[in-house]
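In what follows, a structure is listed as structure tokens, so that the remarks can point back to it.
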Amino acid sequence: MSDSLHQKKACQEVYKKAGFLLEFLLERTEFTSSRLPSLYSDFFPLKNSNFEGYQANISAWRSALEDAIWAGKIEWTSDYLVIHCDDRLPASFYSPKYGVPLGIRETMEYSLEKGEWIPLDDFFRQKNGIYFYALSYMSNFVAWSLGGVSKYILKKTELDTSCVILEHVKRAENAFLTLAQDKIMYSEHIYSFDELVRCFSSKIFSSRVLSELDMKIMIYHLSRNKKDLIINEDGQIIKLRRKSDAVVLNITKIDYLVSNLKTVFYRLQRLTETLAQNIIHLDELIRTAIQSKNKTLALFQLRSKKALESTLNKRLQSLEQVKEILSKIDEAVVHLDIVNSMKAGVEVLEKLVKEIAGIENVQDIMEKFKELSYEVDGIGDTLGTADLKNISDIEIEQEFEELCNNLKNEVIEKPKEDAEIDVINNMFADMNLKVPSSNPHITNERLEETPLSES
């Protein structure tokens with residue numbers, strides 16, 4: 001009853017601020033002034049008369065709603081992976097000219113039909129994987145098609161449904177796995193749900209903090225559809241895949257021990273923080289009592305402070321002990337990984353040595369290699385030896401005479417070329433060359449003879 005009253009009050013607050021998302025909507029390229037009448041209308045009839053227009057309106061509203069959720073524009077929710085479809089949602093997009101949008105319900109129905117959104121309750125109830133929901137919903141949709149429109153209207157989903165947005169879930173998963181894979185130590189892969197929320201909810205995205213519901217949805221989805229994470233039966237232990245493993249390994253007794261130690265560690269950590277804050281507060285009370293000259297109260301507060309300091313020291317010692325145990329477990333796991341790697345390496349070496357078949361086999365192979373090398377060298381020497389007996393002496397004499405004649409011709413032609421060059425040089429030396437005029441038709445001599453024209 002209290003929840004319904006709370007929701008009613010929330011609705012009243014939304015209606016007071018009706019249309020606070022209108023500006024966000026009008027900034028989108030899909031919501032032009034020419035399309036607003038169609039987008040704000042009940043466009044369900046377009047499904048039969050103009051299916052392309054129907055799909056365009058659905059796509060525009062779905063992307064607008066999802067982006068509003070992802071940007072944190074919905075004031076009454078802190079969830080980023082869930083859209084709460086109730087009367088507050090259409091009221092947020094109220095337009096003075098077109099009123100409340102009538103197609104949000106149809107957008108929700110279509111998104112559920114396509115499996116892009118899933119009702120929150122069905123999301124956690126699915127036993128065959130959440131993608132099975134899309135098939136089951138579509139089969140119901142086909143049944144409606146055969147049964148008529150009137151049955152569909154009776155079975156139409158109420159506009160009071162919380163739906164998981166799968167695209168947002170995948171986006172959060174990818175960011176979470178990227179962050180988790182950077183963890184190195186074994187204990188950094190074992191968490192309780194509360195610890196996981198505390199460690200990752202504000203670090204997955206730099207600009208937003210995932211809610212507890214968001215984290216629950218993401219973890220459940222990873223455990224059902226991925227191999228990077230598993231949860232034990234009671235849901236108290238969450239184990240992440242280590243980077244060195246192909247898939248996440250089953251939860252062991254060591255994992256239970258690590259989970260319990262980490263739970264104790266964080267409890268002690270919170271307790272020490274509380275004790276430290278109480279000691280600071282007592283310091284202020286002691287100063288106030290001394291300033292007011294109330295010795296009795298000051299001494300009482302001082303005794304309380306001493307008791308808290310003693311308790312704090314004990315808790316800090318316990319905290320260090322638990323931390324040391326976790327550190328030793330991490331160190332032991334590293335040693336185990338090294339030993340397993342060495343063991344695997346030894347097995348590989350042993351297999352290779354068996355294939356080699358011992359030192360004697362290697363020596364035999366090397367001797368055989370030397371013999372074959374000598375034989376190959378001998379073959380090469382044989383192939384490189386030419387048979388000079390088959391060369392004719394007459395051919396040698398003819399080629400020799402031809403080379404001599406060519407050499408004589410080169411000696412004779414060179415003096416001729418030198419003589420021709422000397423003749424050409426002498427001809428140029430006898431010529432009286434003048435500097436050419438800018439006018440190609442007037443030489444220097446003619447220029448001197450030409451009188452200046454009177455201006």
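In terms of the working numbering, the sequence shown is residues 1 to 455.
Even glycine gets a Cβ: it sits at the ideal position worked out from N, Cα and C.
Three-state secondary structure (DSSP) of residue i
i	result
Gly-99	strand
Ser-463	The structure shown has nothing for residue 463, since the chain only spans 1 to 455.
Pro-119	strand
Asn-140	Its pLDDT being 45, under 50, Asn-140 is placed unreliably in this model, and the value from its coordinates should be taken loosely. Helix, per DSSP.
Leu-146	Note that Leu-146 scores a pLDDT of 39, beneath 50, so its modelled location is shaky; the value from the coordinates is reported in the next line. DSSP places Leu-146 in helix when its eight states are reduced to three.
Val-322	helix
Asn-444	Since pLDDT at Asn-444 reaches only 48, below the 50 mark, its modelled position is unreliable, and no value is offered.
Tyr-80	coil
Tyr-94	coil
Ile-74	coil
Ile-184	coil
Ile-204	coil
Tyr-133	Model confidence at Tyr-133 stands at a pLDDT of 45, short of 50, so the residue's coordinates are unreliable and nothing is read from them.
Ile-153	Model confidence at Ile-153 stands at a pLDDT of 37, short of 50, so the residue's coordinates are unreliable; what they give is reported in the following sentence. Helix.
8 Å Cβ cutoff met for residue i and residue j
i	j	result
Ile-237	Ser-259	yes
Phe-93	Leu-179	no
Ile-217	Leu-229	no
Arg-62	Ser-111	yes
Thr-252	Arg-315	no
Leu-65	Tyr-54	no
Ala-71	Leu-39	no
Leu-312	Gln-269	no
Ser-304	Leu-282	yes
Asp-79	Ser-211	yes
Phe-44	Glu-113	no
Val-348	Ile-356	no
Supposed contact pair residue j and residue i - C-beta distance, whole angstroms, cut 8 Å
i	j	result
Glu-116	Glu-167	7 Å
Ile-165	Leu-81	6 Å
Asp-87	Leu-159	7 Å
Ile-190	Lys-262	7 Å
Lys-227	Val-209	Lys-227 to Val-209, Cβ: 27 Å. No contact.
Leu-308	Asn-278	6 Å
Asp-255	Lys-243	Not a contact, Cβ separation roughly 17 Å.
Gly-103	Ser-41	7 Å
Proximity winner among the options, relative to residue i (alpha-carbon distances)
i	options	result
Gly-19	Ser-202, Tyr-98, Val-339 and Asp-121	Tyr-98
Phe-205	Arg-171, Glu-399, Lys-227 and Val-164	Arg-171
Leu-120	Ser-310, Asp-214 and Val-362	Asp-214
Arg-267	Val-322, Asp-283, Asn-278 and Arg-224	Val-322
Ala-68	Glu-27, Cys-199 and Glu-52	Glu-27
His-221	Phe-176, Glu-402 and Ser-310	Phe-176
Ile-231	Phe-200, Val-197, Ser-192 and Leu-257	Ser-192
Asn-250	Val-264, Glu-233 and Ile-338	Glu-233
Val-333	Ile-58, Glu-23 and Ile-184	Ile-184
Glu-109	Cys-85, Trp-76, Val-376 and Ala-91	Cys-85
Val-169	Gln-181, Cys-199 and Arg-224	Arg-224
Arg-241	Phe-200, Leu-275 and Asp-182	Asp-182
Val-100	Lys-370, Leu-36 and Thr-274	Leu-36
Any C-beta of chain B under 8 Å from that of residue i
i	result
Glu-284	This model lacks chain B altogether, as it is built from one protein chain only.
>> Please give me, in chain order, every unbroken run of the alpha helix (DSSP H) with length at least 4 that falls completely inside the segment 339 to 389.
In response: 358 to 384
> At what residue ranges does the segment 219 to 261 contain a whole run of the alpha helix (DSSP H), taking only runs of 4 or more?
Replying inline: none
>> I'd like the ranges of any alpha helix (DSSP H) spanning at least 4 consecutive residues and lying wholly in the segment 23 to 67.
In response: 36 to 40 and 46 to 49
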